[in-house]
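Residue numbers (the UniProt record's numbering), protein chains in the order written: chain A, 1 to 153; chain B, 1 to 153.
Protein chains: 2
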Amino acid sequence: MVHLDDIDKKLVALLQDDCKQTTKALSLKLNLSVTAVYERIKKLEKSGVIDKYVALVKKEAIDKSFVAFCHIKLVQHTQEYVMKFEQEVAKLNEVMSCYHISGDYDYLLQVVVEDMEAFREFMVNKLTSINHIGSTHSMFVINEVKHTTAIKV
Amino acid sequence: MVHLDDIDKKLVALLQDDCKQTTKALSLKLNLSVTAVYERIKKLEKSGVIDKYVALVKKEAIDKSFVAFCHIKLVQHTQEYVMKFEQEVAKLNEVMSCYHISGDYDYLLQVVVEDMEAFREFMVNKLTSINHIGSTHSMFVINEVKHTTAIKV
DNA sequence: TTTAAATATAGATTATTATTCTGTTTTAAT
DNA sequence: ATTAAAACAGAATAATAATCTATATTTAAA
């Protein structure tokens, strides 16, 4: 576990909001020299604090505004069934995330598609065609109140 | 809604995986000139397909490995209660996302903290101190099978 | 404490990349 | 076929990243 001082934390917050800003711009916000900021960034990358730099796409702009959460229960929990299910579900483009969770159901999936029809299509032809699924329970997103990729460090 | 051809789609996929690669590197992968790639990227930014460029932080590296999903039911659904709740919950750093959903509960939250103790602290001192919350139901993440920010375009 | 080593910083220099510019080619509509 | 618009390539310029050298600061040991 690496130690981050207050400047590092501020820097990580800035990069989580906009990773394309120049080191010059960052240096002004942090009251540091360009080199100092540069070295700190390299250290954050090397130490694995910063995992990757990505472009975020606006769902609405590409007509993928329908978001659903999907609970899934497996018929059995043998090593083989679990592995197979996890492998298959990870392949599906519509599945943004899949978590093995505690509680009544085994898994929670976040699914992003075009509309309800696309979701139906996804359920029938992709998800439930995976073997070993016992039951599912879907919840549809009415409104996205908050959604961020930025973790407070 | 903007129209994206196959090259645009490939480009968006590349940027969703790594937005720091040079236009030169992208041009080689897309068999285009640097300028052509550059213009396409600018168009994707202007049209809103690309929302922002961010650094993604590895939870494990900053000791925030505990993830929970939290169902919440409000006591009432008056305009005032709903607004107030959504405002307050959006302020909480531990809440990565909050969705208003269909089904038995009103909201689904994704919460990221240090450990179970931090989660308890969060529930007691932050979440349930928001007024108008009726009941909650928490599910803990045992394993993150899949998690991506990249939408297939 | 005092000193040595390691680390962090700043400013200047160089290398790389982004951006702009100009002209050409392709595409689409008339 | 003709024209206008869009997309493209290559060259030139501007901006930024990355490196280098030298100080300053912190850290750890004596």
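Think of the CB as a built atom: it goes at the ideal place given N, C-alpha and C, for glycine as much as any other residue. Everything numeric in this text was worked out from a predicted model, so none of it was measured.
Does any residue of chain B bring its CB to less than 8 Å from the CB of residue i?
{"i": "I101 (chain A)", "result": "yes"}
{"i": "E80 (chain A)", "result": "no"}
{"i": "Y38 (chain A)", "result": "no"}
{"i": "H3 (chain A)", "result": "no"}
{"i": "I7 (chain A)", "result": "no"}
{"i": "F66 (chain A)", "result": "no"}
{"i": "K152 (chain A)", "result": "yes"}
Using beta carbons (cut-off 8 Å, strictly below), is residue i in contact with chain A?
{"i": "S130 (chain B)", "result": "Here residue 130 (chain B) is Ile; the residue named in the question, Ser, does not match the sequence. With 8 Å as the cut-off, I130 (chain B) does not count as an interface residue toward chain A."}
{"i": "T22 (chain B)", "result": "no"}
{"i": "K126 (chain B)", "result": "no"}
{"i": "T136 (chain B)", "result": "no"}
{"i": "H77 (chain B)", "result": "no"}
{"i": "V34 (chain B)", "result": "no"}
{"i": "S27 (chain B)", "result": "no"}
{"i": "F122 (chain B)", "result": "no"}
{"i": "E117 (chain B)", "result": "no"}
{"i": "I133 (chain B)", "result": "no"}
{"i": "K84 (chain B)", "result": "no"}
{"i": "C98 (chain B)", "result": "yes"}
Tell me, please, which residues DSSP counts as bridged to residue i.
{"i": "I72 (chain A)", "result": "A:Y107, A:T136"}
{"i": "E144 (chain A)", "result": "B:Y99"}
{"i": "V2 (chain B)", "result": "DSSP lists no partner for V2 (chain B)."}
{"i": "V113 (chain A)", "result": "A:F66"}
Does the distance from the CB of residue i to the CB of residue j come in under 8 Å?
{"i": "A90 (chain A)", "j": "V12 (chain B)", "result": "no"}
{"i": "Y105 (chain A)", "j": "V141 (chain B)", "result": "no"}
{"i": "K64 (chain B)", "j": "E117 (chain B)", "result": "no"}
{"i": "S47 (chain B)", "j": "A61 (chain A)", "result": "yes"}
{"i": "Q101 (chain B)", "j": "V57 (chain A)", "result": "One detail in the question is off: residue 101 (chain B) reads as Ile in this sequence, not Gln. Cβ atoms of I101 (chain B) and V57 (chain A): not closer than 8 Å."}
{"i": "L14 (chain B)", "j": "L26 (chain B)", "result": "yes"}
{"i": "Q21 (chain A)", "j": "T149 (chain A)", "result": "no"}
{"i": "L108 (chain A)", "j": "V95 (chain A)", "result": "no"}
{"i": "V112 (chain B)", "j": "K59 (chain B)", "result": "yes"}
Query raised in the report: Is it true that the segment 132-142 of chain B meets the segment 65-77 of chain B, where meeting means three or more beta-carbon pairs spaced less than 8 Å apart?
Result: yes
Query raised in the report: Is there contact between the segment 31-47 of chain B and the segment 7-14 of chain B, where contact requires at least three CB pairs shorter than 8 Å?
Result: yes
Requested in this report: Determine, using beta-carbon pairs with one atom in the segment 76-96 of chain A and one in the segment 45-61 of chain A, whether at least three such pairs fall under 8 Å.
Outcome: no
**Report entry** Whole runs of the beta strand (DSSP E) within the UniProt domain "HTH asnC-type" (4-65) of chain A, excluding any shorter than 3 residues
**Finding:** 50-57
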